[in-house]
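Quick notes on the structure that follows.
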Amino acid sequence: MLRLRLRSADLRQICFADRPHPAGMALLASQALRGPTVAVTAPALAGRAAEAVRNDDVRAASAALRHLLPARGRLPDFLTPFDGLDSLAAGLDAIRATPTWRVRADVRAAYADLPPTPMRRRFAAADPEVFDLLAAATRTWFDAVLAPHWTDLGRSHRQQVAAAAHRYAFAGVDGLLGGLHPLIRWNPPVLEVDTWWDGDLPGTGHGLILVPSPLSGVRPRALVEPGRPVLLVYPVSIASPAASAGPDVLARLVGRTRAAVLRRLAEPGEHSTTTLARAVEVSLASASEHTAALRAAGLVDTERVGGSVRHRLTPLGAHLLAASPSA
Numbered sequence: 001m002l003r004l005r006l007r008s009a010d011l012r013q014i015c016f017a018d019r020p021h022p023a024g025m026a027l028l029a030s031q032a033l034r035g036p037t038v039a040v041t042a043p044a045l046a047g048r049a050a051e052a053v054r055n056d057d058v059r060a061a062s063a064a065l066r067h068l069l070p071a072r073g074r075l076p077d078f079l080t081p082f083d084g085l086d087s088l089a090a091g092l093d094a095i096r097a098t099p100t101w102r103v104r105a106d107v108r109a110a111y112a113d114l115p116p117t118p119m120r121r122r123f124a125a126a127d128p129e130v131f132d133l134l135a136a137a138t139r140t141w142f143d144a145v146l147a148p149h150w151t152d153l154g155r156s157h158r159q160q161v162a163a164a165a166h167r168y169a170f171a172g173v174d175g176l177l178g179g180l181h182p183l184i185r186w187n188p189p190v191l192e193v194d195t196w197w198d199g200d201l202p203g204t205g206h207g208l209i210l211v212p213s214p215l216s217g218v219r220p221r222a223l224v225e226p227g228r229p230v231l232l233v234y235p236v237s238i239a240s241p242a243a244s245a246g247p248d249v250l251a252r253l254v255g256r257t258r259a260a261v262l263r264r265l266a267e268p269g270e271h272s273t274t275t276l277a278r279a280v281e282v283s284l285a286s287a288s289e290h291t292a293a294l295r296a297a298g299l300v301d302t303e304r305v306g307g308s309v310r311h312r313l314t315p316l317g318a319h320l321l322a323a324s325p326s327a
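For the sequence shown, the UniProt record's numbering gives the first residue as 1, with consecutive numbering after it.
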């Protein structure tokens with residue numbers, strides 16, 4: 001768990017990345033799409049990745065990335081740089097410009113549980129030939145898997161930012177930070193992030209950049225560097241356009257009212273038993289019964305706040321909702 005004590009200067013400078021980072025997203029996605037959870041929430045991209053490896057060049061690129069990047073968990077921090085947002089080439093140049101000492105430190109932290117190999121040792125030493133291989137593999141994988149969907153990914157990013165801006169407009173900083181993701185909790189002035197590493201750190205005093213991403217994996221990711229804003233990448237869902245028509249699979253699975261409760265919990269803001277009852281038009285007792293059943297199934301978390309309770313989706317609930325859009 002990362003516990004980030006934000007300063008007033010950080011809270012005055014919260015913003016969103018204006019678009020996805022091509023190089024950073026490609027490297028995160030090449031790892032995330034190996035796992036079944038992200039593949040379920042982004043089926044079109046998972047299918048594209050599976051189809052693309054039939055090509056020899058893409059298969060070789062994928063094999064190189066699989067060897068250089070851990071299968072899950074923390075990636076070397078320099079692979080998700082602040083700079084290079086404008087294009088894939090600019091992002092790869094920013095990665096190449098990383099000082100050797102930083103490469104060694106970041107790779108050592110990310111490789112803690114990986115067996116050493118000659119290629120990994122050369123990567124940790126910032127060998128230019130291995131960096132050339134990484135750049136070429138990333139470019140090939142991006143062109144084959146992400147490029148055909150880049151417009152949709154950009155549209156999804158803008159929708160997520162618009163929803164968060166709406167939440168901020170009506171609920172302020174507390175509503176914004178408290179509604180980012182089930183694995184991110186806002187206990188002012190501490191932002192608790194259930195990420196791949198532990199720490200108790202102060203904010204940098206340079207703000208907070210929020211990056212919603214459907215391809216970041218199952219946990220949020222944080223980059224904290226002195227003199228820069230804190231970078232927080234958190235998982236969101238991306239629905240397949242083709243899935244918007246057809247039967248309501250979620251209602252068939254859990255029942256119409258419980259499906260409505262889950263969908264309501266995915267909307268911005270705080271959700272008490274009373275507000276849920278009003279939203280789905282059931283009695284207070286019925287809303288309590290439905291949330292208890294969803295909680296027992298691991299789809300909902302409940303927390304007591306003063307004299308009331310607050311409900312929120314668990315990661316499992318969010319993933320189920322993303323994989324089962326309404327008709």
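Every residue, glycine too, gets a C-beta built ideally from N, C-alpha and C.
Hey, residue i and residue j: beta-carbon distance below 8 Å or not?
| i | j | result |
| --- | --- | --- |
| Ser-62 | Trp-186 | no |
| Val-32 | Ser-216 | Looking at the sequence shown, residue 32 is not Val but Ala. Yes. |
| Thr-275 | Val-309 | no |
| Pro-43 | Pro-182 | no |
| residue 370 | Ala-318 | With the chain covering only 1 through 327, there is no way to say anything about residue 370. |
| Gly-175 | Tyr-168 | yes |
| Leu-153 | Leu-6 | no |
| residue 331 | Val-193 | In this structure the chain extends from 1 to 327, so residue 331 is not present and cannot be described. |
| Thr-80 | Gly-24 | yes |
| Arg-19 | His-166 | no |
| Thr-291 | Val-261 | yes |
| Ala-279 | Arg-264 | yes |
| residue 332 | Leu-4 | In the structure as shown, the chain begins at 1 and stops at 327. Residue 332 is therefore absent and cannot be evaluated. |
| Ile-209 | Ala-17 | yes |
| Val-173 | Leu-299 | no |
| Thr-100 | Phe-78 | no |
| Pro-148 | Ser-87 | no |
| Ala-89 | Val-103 | no |
For residue i, list the residues DSSP reports as bridge partners.
| i | result |
| --- | --- |
| Tyr-234 | Pro-212 |
| Asp-200 | Arg-3 |
| Trp-101 | Paired residues: none, contrary to the question. |
| Glu-192 | Arg-3, Arg-185 |
| Leu-176 | DSSP output for Leu-176 lists no bridge partner at all. |
Alpha carbons only, please: which of the options is nearest the one belonging to residue i?
| i | options | result |
| --- | --- | --- |
| Asp-127 | Glu-270, Leu-146, Val-107, Ala-71 | Val-107 |
| Ala-293 | Arg-54, Asp-248, Leu-313 | Leu-313 |
| Gly-199 | Arg-96, Arg-221, Pro-212, Phe-170 | Arg-221 |
| residue 328 | Ala-60, Leu-114, His-67, Thr-138 | Because residue 328 is not part of the residues shown, which for the chain are 1 to 327, the question remains open. |
| Arg-66 | Leu-133, Gly-306, His-166 | Leu-133 |
| His-311 | Leu-320, Leu-321, Ser-288 | Ser-288 |
| Leu-68 | Pro-115, Val-282, Thr-37 | Pro-115 |
| Asp-56 | Ala-144, Ala-171, Ser-283, Glu-267 | Ala-144 |
| residue 340 | Ser-213, Trp-197, Arg-304, His-149 | Any answer about residue 340 is impossible in this case: the structure gives the chain only from 1 up to 327. |
Review point. When the Cβ atoms of the segment 223-231 are set against those of the segment 37-54, are three or more pairs found closer than 8 Å?
Key: no
Practice item. Could you tell me which uninterrupted alpha helix (DSSP H) segments, each at least 4 residues in length, are contained entirely in the segment 117-157, listed from first to last along the chain? Key: 118-124, 128-141
Practice item. Count the CB pairs spanning the segment 252-267 and the segment 198-207 that are closer than 8 Å, and state whether there are at least three. Key: no
Review point. Counting pairs of Cβ atoms below 8 Å between the segment 101-121 and the segment 71-90, do you hit three or more?
Key: yes
Practice item. May I have a chain-ordered list of the beta strand (DSSP E) segments no shorter than 3 residues that lie completely inside the UniProt domain "HTH arsR-type" (238-327)? Key: 300-305, 308-313
Review point. Which parts of the segment 3-67 are runs of the alpha helix (DSSP H), unbroken and 4 residues or longer, counting only runs that do not cross its ends?
Key: 8-11, 22-32, 36-41, 43-52
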